[in-house]
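Each residue of the sequence shown is one higher than the one before, counting from 0 in numbering that gives the first Met the number 0.
Structure first, then comments.
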Amino acid sequence: MPRRTPRTAPDELRTPGRFPGFLKSASVCALIAGLLTPLSQGAAAAEVTAVNDYCGNQCSDILPPGQNGNATLAQILLNQAFGTQPAHAADQLGPYANLAKGYSTLTHSTLNTFFNDASFGVPADQVASTVKPAGRGDVTIVRDKKTGVPHITGTTRYGTEFGAGYAAAEDRLWLMDVFRHVGRGQLTSFAGGAASNQGLEQQFWRNAPYTEADLQAQIDSAVATNGARGQQALADADAYLDGINAYIDASDSGRYFPGEYVLTGHKDSITNAGTIEHFKITDLVALASVVGALFGSGGGGEVNNAISLLAAQEKYGVEEGTRVWESFRERNDPEAVMTLHDGQSFPYAVRPENPQGRALPDPGSVVAEQLVFDRTGSAATASATTASATAATAAVSSARRGMSNALVVSGDHTAGGHPIAVFGPQTGYFAPQLLLLQELQGPGISARGASFAGLSMYVELGRGQDYAWSATTSGQDVIDTYAVELCQDDHHYLYRGTCTAMEKVEQKNAWKPTTADGTAAGSYTMRAWRTKYGPVEYRATVGGKKVAYTTLRSSFLHEVDSIIGFQMLNDPDHVKGPETFQSAVQHVNYTFNWFYADSEHTAYYNSGDNPVRATGVDAEFPVWAQPAYEWRNWEPATNTAAYTPASAHPHSIDQDYYISWNNKQAKDYTAAPWGNGSVHRGNLLETRVRKLVQAGGVTRAALVKAMADAALADLRAEDVLPDLLKVINSSPVTDTTAASAVSRLQAWLTAGGRRTETTAGSKTYANADAIRILDAWWPLLVKAQFEPGLGSALYTAFTANLPVDESPSAAHGPTGAHAGSAFQYGWWSYVDKDIRAVLGEPVQGPLARTYCGGGSLSACRDVLITTLREAAGKTAAQVYPGDDLCAAGNQWCADSIVHRTLGGIKHGAISWQNRPTYQQVVEFTSHR
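See the structure below:
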């Protein structure tokens, strides 16, 4: 293997921009001065943390489309005109996409055809550039030839973090700027008034309508309550910001800043007039609020739950209606796939015997709180109001797009005797990507992996010297809904007996057409009303009394607190084994499932500030805003409370294997989203990994194959379609249309039930007709199976709790369609349990009633055949109606993954895969 570059090797001169000719002499002089700064190799070696890599060349990762997320104006124009890509903007997209057809023949020797080598350092013959940012003598950024990933080495802690900030800005400055404005609800004023921008800023600002003082208070609190680590976090953040701002100054004076600043009117391409605002510490809080809201805040949906419960009780009466509702809710379904499968019980948010304090709305009284006011111009168009409605639904639903998966196998079952992990987050697909790769080596820091752009002072998901970690969204309920009784008017409420004014928080936005976004001029005001119990989400009456429903999130005003956990994960002196790993992630208040692997052990821990609720409070429904029903020890001024202890969170060390795909964590541990029943996409991993473990001798290649095979599976086909066909084939199928459809579906099942191309690059699915039929059939069959028995009102209410379907071509919240992640939420468990009941098969945790055909096998068969005939008659253009990227009827394109452009560089679509965006494949061979 080529020798790796020593960390104190002489540096090559590398200009920090894409066009070195534009650098002014002062910048060049600064760089040269930095290179001439005396630096003793011996002193550097003594100061820097020893870089010890115990992975034995068996750590790999991938993050499409590419490391470089910045592009000059010239590069953007070339991309738009000719499709050319800046260096390292797309070089990880091809390997990532190719796994979909290449995984079946995967071997140890070919793994890194589809992944990057994630070893520490850069081989000497693979160094592309070496830079001392801003001429500093205490930090070096080495980029490799293959991917352009920055390997940042500091001889001081400040220098290390300065380098992290500088490299982040070099790779993602425009994206970081976009998302600090998203977090403040200012995206449209900054980047343009496109309907998608309106929806994005509304969704996130609704969840975190913070003032600048709120953002600063989070910093002050995190520092004040975390001792030396809090002080270090503040120092790290300051150094990181200095690095970002140094790059802004250098790129501005050198005129190699991202071209989007010109296209959106912030800079002049001729005179260079205009300003790129420096980053400040509250920007990091705004960025963190976006990440926390999107991936790490489980809960909500209590008002929708109340509406469907009332509909069930209206249909069946209180007792039977409640029983029906509970059977669909599946709080603790005995058939649900679980991450901890050894029978461990971790009760949380369980149904109380005698619920107290419920504040269910009067039927028909619920009205969503208006967020947007004073619309003018393009803000008043139909597309703008539709975007607002979609954003509102996504913001208050419990069905949040958690995404991410993990496959971890103990060394007892691997060929090498060491644990193997294949894991990573599904964060959607953006251009540039939300995450970036980096390696950080400095005093108290030694890690490589992925971090969210603008928050990359630490590696957030990745590997250390002899361990690796990752996370999936867990979704346990840390958001509760309170009914505050109104007094005086609509903007005063009773707080512990006193009529109290709500706090009005406003964000006014206005935009005009730019080269990047031609949306006509427009403006609006976002207005949130905040109470001690959180922002108002709905208005209603309860027992005739006017109330506002508010949402209180345990991480509200505390998004920054998790920085301590990430700091610990990067510290080799803290994480030395599974127990210290668990102690680190206990400091993360986002709702995540955390996974760990080193050469000897595996581990799991579920993080989040789980509030201790008052006795009798049912977390599923709104409760009165009264002291008796508040979180225990809740302090409204700081939004702190008593939280369940670490021992009460699902956790484990050295289970034979772990899988997670946002499924149920453990027995009795209730997740906020609906749908943790007998069929869940976690089953796709469970089935494959369990089979590997039973056979033994698991390898990295074998575990990647299991992940990649699950990534192409249609969950409905694999786990539900066999029983549907069993009902249909219970008698001979005489209808020719239905018989032909059954034949196609059966052939697809025999072939594996995957959504995969005929050959790599064909852009045509094998078994395309069968896939089209199932895509058309599923919504028809669910409606025909359940609506007659439930009635239209209850059926509609339940679909608000849990969408019927989530095929690959469906839209996925803030990431839009073409987002890869699929089959997270749907009625597959309901269909499965009901069909098995009709067939007379045993069902644990059955639905309260049998619905298909009223429980008659022959009548149910008629329902299935009738809807199947209708589905088979639908054309591809009807099933896949097309959008701004795909022509109607293009099945492959409808499913395809497209990197949503957040900047000026575009990428082509790739074939669908349901897998993490950033992914690691690790097997450590030794330990410190």
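Ideal placement from N, C-alpha and C gives every residue a C-beta, glycine not left out.
key: Exposure label - Ala212; buried when at least 16 CB within 10 Å   = Within the sequence shown, residue 212 is the residue found at index 213, counting from 1. The residue in question, Ala212, is exposed, as its Cβ has fewer than 16 Cβ neighbours within 10 Å.
task = Using 10 angstroms around the beta-carbon of Thr48, count the other beta-carbons present and answer buried if the total reaches 16, otherwise exposed.
result = The residue labelled residue 48 in the question sits at position 49 within the sequence shown. Note that Thr48 scores 36 on pLDDT, short of 50, meaning its location in the model is unreliable; the coordinates nonetheless yield the value given after this. Counting Cβ neighbours within 10 Å, Thr48 comes out buried, since at least 16 surround it.
task = Measure the alpha-carbon distance for Asp170 versus Gly576 and round it to whole angstroms.
result = Counted from its first residue, the sequence shown places residue 170 at position 171. Counted from its first residue, the sequence shown places residue 576 at position 577. About 33 Å.
task = Determine the closest residue to Thr210 out of Asn331, Gln506, Arg254, with distance taken between C-alpha atoms.
result = By 1-based counting over the sequence shown, the position of residue 210 is 211. Nearest of Asn331, Gln506, Arg254 to Thr210, Cα basis: Gln506.
Alpha carbon of Ser651 to alpha carbon of Glu313, nearest angstrom = Along the sequence shown, one-based indexing puts residue 651 at 652. Along the sequence shown, one-based indexing puts residue 313 at 314. If I take the Cα positions, the gap works out to 43 Å.
query = Roughly how many angstroms lie between the CA atoms of Leu711 and Gly819, to the nearest whole one?
reply = Residue numbering aside, residue 711 sits at position 712 when the sequence shown is read from its first letter. Residue numbering aside, residue 819 sits at position 820 when the sequence shown is read from its first letter. Taking the straight line from one Cα to the other gives about 10 Å.
ask   = Does DSSP classify Asn244 as helix, strand or coil?
value = Locating residue 244 in the sequence shown gives position 245, counting from the first residue. Of the three classes helix, strand and coil, the one that applies to Asn244 here is helix, per DSSP.
message = Let me check understanding here. Comparing Cα to Cα, which of Leu359, Ser761, Thr755, Lys704 lies closest to Val103?
response = Indexing the sequence shown from 1 puts residue 103 at position 104. For clarity, residue 103 is Ser in the given sequence; the question names Val instead. Checking every option, the nearest Cα to that of Ser103 belongs to Lys704.
message = Rounding to the nearest angstrom, what Cα-Cα distance links Asp572 and Ile280 in this structure?
response = On the sequence shown, position 573 is the one that residue 572 refers to. On the sequence shown, position 281 is the one that residue 280 refers to. Taking the straight line joining both Cα atoms gives about 27 Å.
request  = Give the secondary structure of His417 by DSSP, where H, G and I count as helix, E and B as strand, and everything else as coil.
outcome  = The count along the sequence shown starts at 1 and reaches residue 417 at position 418. Of the three classes helix, strand and coil, the one that applies to His417 here is coil, per DSSP.
task = Identify every run of the alpha helix (DSSP H) within the stretch 251-278, keeping only runs that are complete inside it and at least 4 residues long; order them along the chain.
result = 259-262
key: Given Val837 as reference, the closest of Ala847, Glu578, Ser855 once Cα atoms are compared   = As a working mapping, residue 837 is identified with position 838 in the sequence shown. Comparing Cα positions, the closest option is Ser855.
query = Does DSSP classify Cys58 as helix, strand or coil?
reply = Counting from 1 along the sequence shown, the entry for residue 58 is found at position 59. If DSSP states are grouped into helix, strand and coil, Cys58 belongs with the strands.
request  = Throw me the rounded Cβ distance for the Tyr621 and Ala482 pair, which I believe falls under 8 Å.
outcome  = In the sequence shown, counting from the first residue as 1, residue 621 sits at position 622. In the sequence shown, counting from the first residue as 1, residue 482 sits at position 483. For clarity, residue 621 is Pro in the given sequence; the question names Tyr instead. Confirmed, Cβ separation roughly 5 Å.
request  = Check whether the Cβ atoms of Ser598 and His107 sit closer than 8 Å, and answer yes or no.
outcome  = For the purposes of this step, residue 598 is taken as the residue at position 599 of the sequence shown. For the purposes of this step, residue 107 is taken as the residue at position 108 of the sequence shown. No.
Spatially closest choice to Thr540 from Lys663, Ser364, Arg743, by CA coordinates = Against the sequence shown, residue 540 aligns to sequence position 541. Here the closest residue by C-alpha is Ser364.
query = To which residues of the same chain is Met586 closer than 6 Å at the C-beta, ignoring the five residues directly before and after it?
reply = Your numbering for residue 586 matches position 587 in the sequence shown. For the record, residue 586 in the displayed sequence is His; it is not Met. Counting only Cβ-Cβ distances below 6 Å, and skipping sequence neighbours, we find Ile563, Gly564.
The alpha helix (DSSP H) enclosing Gln440, as first and last residue numbers = Within the sequence shown, numbered from 1, the residue matching residue 440 stands at position 441. Unbroken run through Gln440 is the beta strand (DSSP E), 434-441; no alpha helix (DSSP H).
ask   = Excluding the five sequence neighbours on either side, which residues of its own chain have a C-beta within less than 8 Å of the C-beta of Gly752, listed in chain order?
value = Walking along the sequence shown from the start, residue 752 turns up at place 753. Result list for Gly752: Ala712, Asp713, Ala716, Glu717, Leu720, in chain order.
message = Tell me which residue opens and which closes the beta strand (DSSP E) that Leu460 is part of.
response = Within the sequence shown, the letter at position 461 stands for residue 460. Unbroken beta strand (DSSP E) run through Leu460: 460-462.
task = In the DSSP assignment, find the unbroken alpha helix (DSSP H) run with Gln74 in it and report its ends.
result = Here residue 74 is taken as the residue at index 75 of the sequence shown, counted from 1. Looking at the DSSP string, the run of the alpha helix (DSSP H) that includes Gln74 is 72-81.
ask   = Which ranges does the alpha helix (DSSP H) cover as unbroken runs of at least 4 residues, wholly within the stretch 666-724, from first to last along the chain?
value = 681-694, 699-711, 714-718
message = Report the start-end ranges of each alpha helix (DSSP H) in the stretch 188-245 that is 4 residues or longer and not cut off at the edges.
response = 194-206, 211-223
query = Exposed or buried, which one is His277 when buried takes at least 16 other CB atoms within 10 Å?
reply = Position 278 of the sequence shown, counted from the first residue, corresponds to residue 277. Per the 10 Å Cβ criterion, exposed.
query = Could you give the C-beta distance for Pro841 and Lys832, rounded to a whole number, given that I count them as a contact under 8 Å?
reply = Reading the sequence shown from its first residue, position 842 is the one you call residue 841. Reading the sequence shown from its first residue, position 833 is the one you call residue 832. No, Pro841 and Lys832 are not in contact; Cβ-Cβ is about 11 Å, not under 8 Å.
Straight-line Cα distance separating Arg330 from Val317 = Numbered from 1 along the sequence shown, position 318 holds the residue referred to as residue 317. Numbered from 1 along the sequence shown, position 331 holds the residue referred to as residue 330. Approximately 19 Å, taken between the alpha carbons.
query = For the beta strand (DSSP E) that Lys314 lies in, which residues bound it at each end?
reply = Along the sequence shown, one-based indexing puts residue 314 at 315. Run containing Lys314: none in the beta strand (DSSP E); it sits in the alpha helix (DSSP H), 301-315.
inquiry  = My output table needs one value for Pro149: the three-state DSSP class, helix, strand or coil.
reply    = To locate residue 149, count along the sequence shown from 1; it is residue 150. Residue state, collapsed to three classes: strand.
request  = Going by CA-CA distance only, name the one from Asn592, Asn632, Ile904, Ile275 that's closest to Ala602.
outcome  = What you label residue 602 is simply residue 603 of the sequence shown in a count that begins at 1. Ranking the options by Cα distance to Ala602, first place goes to Asn592.
DSSP state of Lys663 mapped onto helix, strand, coil = Translated into the one-based positions of the sequence shown, residue 663 becomes position 664. Three-state DSSP puts Lys663 in a strand.
ask   = By DSSP, does Leu30 sit in helix, in strand, or in coil?
value = Residue 30 sits at position 31 when you count from the first residue of the sequence shown. Residue confidence is low: Leu30 scores 26 on pLDDT, short of 50, so the model does not pin down where it sits. No coordinate-derived value is stated.
request  = Please confirm whether Leu568 and Trp468 have their CB atoms less than 8 Å apart.
outcome  = Position 569 of the sequence shown, counted from the first residue, corresponds to residue 568. Position 469 of the sequence shown, counted from the first residue, corresponds to residue 468. Cβ distance < 8 Å, so Leu568 and Trp468 count as in contact.
key: Span of the beta strand (DSSP E) around His650   = The residue you call residue 650 lines up with position 651 of the sequence shown. Where His650 is concerned, the enclosing beta strand (DSSP E) stretches over 650-652.
key: Candidates Asn353, Ala386, Arg612, of which the one nearest Asp479 by Cα   = Here residue 479 corresponds to residue number 480 of the sequence shown, with the count starting at 1. Nearest C-alpha to Asp479: Arg612.
query = Three-state secondary structure (DSSP) at Cys859?
reply = Against the sequence shown, residue 859 aligns to sequence position 860. Correct three-state label for Cys859: helix.
query = Between the Cα of Glu319 and the Cα atoms of Cys885, Cys851, Ala847, which residue gives the shortest distance?
reply = Here residue 319 refers to the residue found at position 320 when the sequence shown is read from its first residue. Looking at the Cα atoms, Ala847 is the closest of the given residues.
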